[in-house]
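Chemist:
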Amino acid sequence: MTDAAAPSSSAERRSPLIGNRVLLTLVVVCLLGVGLLPFASMAPNRLVSGQSMSTWAAFAPWQLVTLAGLLALLALASFAHLMPRRPGHAVALAAALALLALDFVALGGYAHRALADASPAARVSQGSAFWVLLFAAGLIMIDALQRLRPPPVWRALYAATALTLVGVCFATDLLSPLSIMREFANQRDNFVDQLTRHLALVAGALVPALVVGLPLGLLARRRPGARNVLFSVLNVFQTLPSIAVFGLLIAPLAALAAALPWLREVGVGGIGAAPALIALVLYSLLPIVRNTYAGLAGVAPGTLEAARGMGMTARQILWRVEIPLALPVILSGLRIVTVQAIGLTVVAALIGAGGLGAFIFQGLGQYAIDLVLLGAIPTIVLAVVADFTLQLLVALSRPTRAGQG
Amino acid sequence: MSGARTLHRLRAASAGSGVLIALCGLLIALTLGMAQLEPLFRALFPSVSNPLYTRDSYLNLMLAHIGLVVVSSLISVGIGIAAGLFVTRPAGREFEPMVSSLAAVGQTFPPAAVLAIAVPLAGFGFAPTIIALSLYGLLPVIQNTITGLDTVPETTREAARGNGMSAWQILWRIELPLAMRVIVAGVRVSVIINIGTATIGSTVGAKSLGTPLIAGLVSNNLAYVIQGALLVGLLAIVADLAFERLERRFTFGG
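Just so you know, the sequences run in chain order H and A.
Under our numbering, the residues of the first sequence are numbered 457 to 861, in order.
Under our numbering, the residues of the second sequence are numbered -5 to 248, in order.
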């Protein structure tokens, strides 16, 4: 963890003028994006593509001034001799939050103004400069956090602040005139259903995968003979494209459901949740088994020796020594699997399992871009949030060493 | 001891190449001879009136699929290795934490969602698929290039410098060869993911082995689904095995 600081500090020694070239690059990217790309677009209705609006046209004057001020402040923070290093990072963190808020406020404000005297069918959509600013604000946050290296709790608090800020933008009336939000308003009940279904599929796959995978990982640790066979079978499986597995499961499951009426009654069929869940469980097994094995194998032989010397039974050693020490690695496996399952469930919509992927593929079929984004953006957010949360859990599950908080 | 290990490894390698050749043969035979299997599919799915996908030949679909993967992988490998090299040189060191975390966060994005988001940017067809596949495939290549170059021991670089090698020579003759196995492992991950995502590419209008698969799902023709799924699954396994052999070729010592 600490060695990553060395390169940046050596670079700072080498070039004293610019303290943070990453930040300066991001400021330049913002300027280029704002200068060259459309910030929003306005269309007379949902189906035709809109007319582009530059940042100059879309931002209110005070917003333009604020944007210029924020970018100037960030540029200042990147010069070493103008701002000391640690305060500079703190300024960058604060300015990035403001940039994030400004991005949303400007977009919402433009949509309200543009649609005030337009026909009800008119639509305002976000443009690429909006995404550039959003992306850059996120990267500035990541960069500053990496340089400041606050403890995990502070990092989580900062992330929570940023998420709350975005949440407030969505909860209020600010973004409601946007095309994608209108699509959301039309689909609200359906959206909640599909989101619930998505999460249920992920959870429904993870629980059996853990129940089967954890003992298999233990087996791989205890029986080296079983290990190679187990890993190569699971490895081949991991290679197969998800849609192929979903597809190949349909025919056998349909035949099974036709042969056994009670299966059909509990909802098992060729399409729908059953093939999706089976495939998701199979995909989840390899990372869980592999990480359980690696976690257990990583426990130092001396530690086990000491536990035995203290008179612990094999069962006590497993539960009180091996599993607690292996927990961070096992949780990393869970993190991989959760993120993977969120992504694979998108594809499962193609075999009628539902979930947020349903919006994506329905939108692609109708060339309704807002519908596509209504499925795609929440899945990405879901995956990133799951990743971040589980990373935090992994960090918290690490045994604290003496002298380290 | 080491002799026995070498022998064991050689035996495993030759068994592996046997499997690879057999699967390769099966892949080619199925691609060219799917039409000959029509009676089988007719027997398996008596309710389906035309159990063989005929709107395009499986050879064309296979070539289109491989084309998508090869073009996007070449782009990812080119940009990915260049970016990985830049952030491991003194000039770009400062960007390394940022690029690494971008690559890590980007890989949590669902590939299907990335593909969908490419549509508003690039329209339908070949272009958005290539963009999505290249962007997504970039990440494991960058990550593994950085990891691979970082595993080269500082003492090795030191020794090369002591021998009077220039920075370029150290890169070409020492660092890249030593990092190659890890870099190839990254390319393997990216190609395998892209073979899968190219299949879904048919939902945004790119021709691939996913075309019969998706058409089968839409029209409830399971024969199409199985034909597409079999071929694309085999393709993924063959590619994975081939990369496994390639990786082994770059393993030194041990």
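Cβ coordinates follow ideal geometry from the N, Cα and C atoms, glycine included.
At the level of alpha carbons, what is the spacing between Phe89(A) and Ala496(H)?
Modeler: Here residue 89(A) is taken as the residue at index 95 of the second sequence, counted from 1. Here residue 496(H) is taken as the residue at index 40 of the first sequence, counted from 1. Each residue's Cα considered, the two are about 30 Å apart.
Chemist: Using a C-beta cutoff of 8 Å, does Ser497(H) count as contacting chain A?
Modeler: For the purposes of this step, residue 497(H) is taken as the residue at position 41 of the first sequence. By this cut-off, Ser497(H) is not an interface position.
Chemist: What separation, rounded to the nearest whole angstrom, lies between the Cα atoms of Ala116(A) and Ile779(H)?
Modeler: The residue labelled residue 116(A) in the question sits at position 122 within the second sequence. The residue labelled residue 779(H) in the question sits at position 323 within the first sequence. Going by the C-alpha atoms only, they are around 49 Å apart.
Chemist: Cα separation between Phe844(H) and Val795(H)?
Modeler: Translated into the one-based positions of the first sequence, residue 844(H) becomes position 388. Translated into the one-based positions of the first sequence, residue 795(H) becomes position 339. Those two C-alpha atoms are separated by around 10 Å.
Chemist: Rounding to the nearest angstrom, what Cα-Cα distance links Leu621(H) and Phe560(H) in this structure?
Modeler: As a position in the first sequence, residue 621(H) is number 165, starting the count at 1. As a position in the first sequence, residue 560(H) is number 104, starting the count at 1. So the alpha carbons of these two residues sit roughly 10 Å apart.
Chemist: Taking Arg603(H) as part of the alpha helix (DSSP H), name the residues at either end of that continuous run.
Modeler: Looking up residue 603(H) in the first sequence gives position 147. Arg603(H) -> alpha helix (DSSP H) spans 584 to 604.
Chemist: When the cut-off is 8 Å and only beta carbons count, does Leu704(H) lie next to chain A?
Modeler: In the first sequence, residue 704(H) corresponds to position 248, counting from 1. It does: the Cβ of Leu704(H) has a partner Cβ on chain A nearer than 8 Å.
Chemist: Buried or exposed for Ala460(H), going by 16 or more other Cβ atoms inside 10 Å?
Modeler: Within the first sequence, the letter at position 4 stands for residue 460(H). Note that Ala460(H) has pLDDT 41, beneath the 50 cutoff, so the model's placement of it is unreliable and the number below is only indicative. Classification of Ala460(H): exposed, given that the 10 Å Cβ count is below 16.
Chemist: When the Cα atoms are used, what is the spatial distance from Ala233(A) to Leu690(H)?
Modeler: Counting from 1 along the second sequence, the entry for residue 233(A) is found at position 239. Counting from 1 along the first sequence, the entry for residue 690(H) is found at position 234. The straight-line gap from Cα to Cα measures roughly 16 Å.
Chemist: For Ala809(H) versus Ala729(H), is the C-beta distance shorter than 8 Å?
Modeler: Numbered from its first residue, the first sequence carries residue 809(H) at position 353. Numbered from its first residue, the first sequence carries residue 729(H) at position 273. Yes, they are a contact pair.
Chemist: Can you grab the Cα-Cα spacing for the pair Ile744(H) / Ala750(H), in whole Å?
Modeler: For the purposes of this step, residue 744(H) is identified with residue 288 of the first sequence, where counting begins at 1. For the purposes of this step, residue 750(H) is identified with residue 294 of the first sequence, where counting begins at 1. Each residue's alpha carbon lies about 10 Å from the other.
Chemist: For Met498(H), which three-state DSSP category applies?
Modeler: Working through the first sequence from its first residue, we reach residue 498(H) at position 42. It is a strand residue.
Chemist: Here's the rule I'm using: 16 or more other beta-carbon atoms within 10 Å means buried, otherwise exposed. How should Gly723(H) be labelled?
Modeler: Start at 1 with the first residue of the first sequence, and residue 723(H) comes out as number 267. By the 10 Å Cβ count, Gly723(H) comes out exposed.
Chemist: Could you give the first and the last residue of the continuous alpha helix (DSSP H) run that contains Gln221(A)?
Modeler: Mapped onto the second sequence, residue 221(A) falls at position 227. Segment 216 to 243, the alpha helix (DSSP H) holding Gln221(A).
Chemist: Using three-state DSSP, classify Phe687(H) as helix, strand or coil.
Modeler: As a first step, residue 687(H) must be located in the first sequence, where it is residue number 231. The answer is helix: DSSP assigns Phe687(H) an H, G or I state.
Chemist: Return the CA-CA distance between Val793(H) and Ser740(H), expressed in angstroms with no decimal places.
Modeler: For the purposes of this step, residue 793(H) is taken as residue 337 along the first sequence, with counting starting at 1. For the purposes of this step, residue 740(H) is taken as residue 284 along the first sequence, with counting starting at 1. Taking the straight line joining both Cα atoms gives about 5 Å.
Chemist: Between which residues of its own chain and Thr141(A) is the CB-CB distance below 6 Å, once the five residues before and five after are set aside?
Modeler: Locating residue 141(A) in the second sequence gives position 147, where the first residue counts as 1. So the list reads Val176, once near-sequence residues are dropped.
Chemist: What number of angstroms, rounded off, separates the C-alpha of Leu662(H) from the C-alpha of Thr801(H)?
Modeler: Taking the first residue of the first sequence as position 1, residue 662(H) is located at position 206. Taking the first residue of the first sequence as position 1, residue 801(H) is located at position 345. In a straight line, the C-alpha of Leu662(H) is about 12 Å away from that of Thr801(H).
Chemist: Please confirm whether Val828(H) has its beta-carbon closer than 8 Å to some beta-carbon of chain C.
Modeler: The structure shown has no chain C; the protein chains it does contain are H and A.
Chemist: Taking just the CA atoms, how far does Thr481(H) sit from Thr150(A)?
Modeler: In the second sequence, counting from the first residue as 1, residue 150(A) sits at position 156. In the first sequence, counting from the first residue as 1, residue 481(H) sits at position 25. Roughly 33 Å between the two C-alpha positions.
Chemist: Going by DSSP in three states, Ile906(H) sits in which element: helix, strand or coil?
Modeler: For residue 906(H) there is no data in the structure shown, the boundaries of chain H being 457 and 861.
Chemist: DSSP three-state call for Arg677(H): helix, strand or coil?
Modeler: Within the first sequence, residue 677(H) is the residue found at index 221, counting from 1. Residue state, collapsed to three classes: helix.
Chemist: How is the alpha helix (DSSP H) around Ser643(H) delimited, first residue to last?
Modeler: Taking the first residue of the first sequence as 1, we reach residue 643(H) at position 187. Here residue 643(H) turns out to be Gln, not Ser, going by the sequence shown. Here Gln643(H) belongs to no alpha helix (DSSP H), and DSSP marks it neither H nor E.
Chemist: Looking at the strands, I want to know which residues DSSP matches up with Met509(H).
Modeler: In the first sequence, the residue the question calls residue 509(H) occupies position 53. Ala496(H).
Chemist: Can you confirm whether Asp843(H), when its beta carbon is compared against all beta carbons of chain A, has any partner nearer than 8 Å?
Modeler: Numbered from 1 along the first sequence, position 387 holds the residue referred to as residue 843(H). Cβ-Cβ to chain A under 8 Å: yes for Asp843(H).
Chemist: Give the straight-line distance between the Cα atoms of Glu148(A) and Leu674(H), rounded to the nearest whole angstrom.
Modeler: The residue given as residue 148(A) occupies position 154 in the second sequence. The residue given as residue 674(H) occupies position 218 in the first sequence. Using only the alpha carbons, I get a separation of about 37 Å.
Chemist: Where does Ser70(A) land, buried or exposed, given buried means 16+ other C-beta within 10 angstroms?
Modeler: Locating residue 70(A) in the second sequence gives position 76, where the first residue counts as 1. The residue in question, Ser70(A), is buried, as its Cβ has 16 or more Cβ neighbours within 10 Å.
Chemist: What would DSSP say about Phe515(H), mapped onto helix, strand or coil?
Modeler: If you number the first sequence from 1, residue 515(H) lands on position 59. Phe515(H) falls in the coil class under three-state DSSP.
Chemist: Classify Ile189(A) as buried or exposed, calling it buried when 16 or more other Cβ atoms lie within 10 Å of its own Cβ.
Modeler: Locating residue 189(A) in the second sequence gives position 195, counting from the first residue. With 16 or more other Cβ atoms within 10 Å, it is buried.
Chemist: Beta carbon of Leu806(H), beta carbon of Phe702(H): below 8 Å?
Modeler: Taking the first sequence and counting its residues from 1, one reaches residue 806(H) at position 350. Taking the first sequence and counting its residues from 1, one reaches residue 702(H) at position 246. Cβ distance < 8 Å, so Leu806(H) and Phe702(H) count as in contact.
Chemist: Please check the pair Phe451(H) and Ala562(H), which I expect to be a contact at CB under 8 Å, by giving their CB distance rounded to whole angstroms.
Modeler: The shown model of chain H, from 457 to 861, leaves out residue 451(H), and the question about it has no answer.
Chemist: With which residues is Ser581(H) paired in a DSSP beta bridge?
Modeler: Residue mapping note: residue 581(H) aligns to position 125 of the first sequence, counting from 1. DSSP output for Ser581(H) lists Ser497(H) as bridge partner(s).
Chemist: Could you name the residues of chain A that Val802(H) contacts, counting a contact when the two beta carbons are closer than 7 Å?
Modeler: The sequence position of residue 802(H) within the first sequence is 346, counting from 1. The answer, in chain order, is Pro104, Ala106, Ala107.
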